[in-house]
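Enquirer:
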Ligand SMILES: [Cu+2]
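In the numbering used here, the protein residues as written are 1 to 150.
#1: Among 62, 82, 59 and 60, which one has its Cα closest to the Cα of residue 70?
#2: Answer with buried or exposed for residue 3, where buried requires no fewer than 16 other C-beta atoms within 10 angstroms of its C-beta.
#3: Any idea what DSSP makes of residue 137, helix, strand or coil?
#4: With 16 other CB atoms within 10 Å as the buried threshold, where does residue 15 fall?
#5: For residue 66, which residues of its own chain have a beta-carbon under 6 Å away from its beta-carbon, when the five flanking residues on both sides are left out?
#6: Ignore the nearest five residues each way along the sequence and tell me which others in residue 31's own chain have a CB closer than 7 Å to its CB.
#7: Per DSSP, residue 85 is paired with what?
#8: When the distance is taken between beta carbons, is residue 60 closer than 8 Å to residue 92?
#9: May I ask you to check if the CB of residue 107 is nearer than 7 Å to at least one heavy atom of ligand 1?
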């Protein structure tokens, strides 16, 4: 590879790394954290009905029922809680899967029980994605730079 092309490869790699480092990401993004979420259940809804967490977080859910016995089962996470009125139940898990997961009441609690549904959003861990992108770009840059032409 001639000198000019080497300079271009270095400049391009550096530019892409800078873009990966400074491209704006959602402001609530941060390193994995430990979160405690308070969820109340009553006929026939969860409050809050949407849980936003980040991949890698260690999450503890406290479930409290305000009327009858209710459950909280998260699809795809095999988390299942059951709370009787006045008694709190809790479960801790690591959010190791990204995406949207429905959670639903797992204790038959009345006529509209099947509609007692919420959603847990596990967002990508942006610092992790950023670090991965930088590593990938630097690797590709190095491979191109040191590529020997026959
Ligand atoms: Cu129910």
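Ideal placement from N, C-alpha and C gives every residue a C-beta, glycine not left out.
Since the model is a prediction, treat every value here as computed from it, not as a measurement.
Expert: In this structure, then:
#1: Of the candidates 62, 82, 59 and 60, 82 places its Cα closest to the Cα of residue 70.
#2: exposed
#3: helix
#4: exposed
#5: 40 and 42
#6: 127
#7: Residue 85 is bridged to 65.
#8: yes
#9: Checking the Cβ of residue 107 against ligand 1 gives yes.
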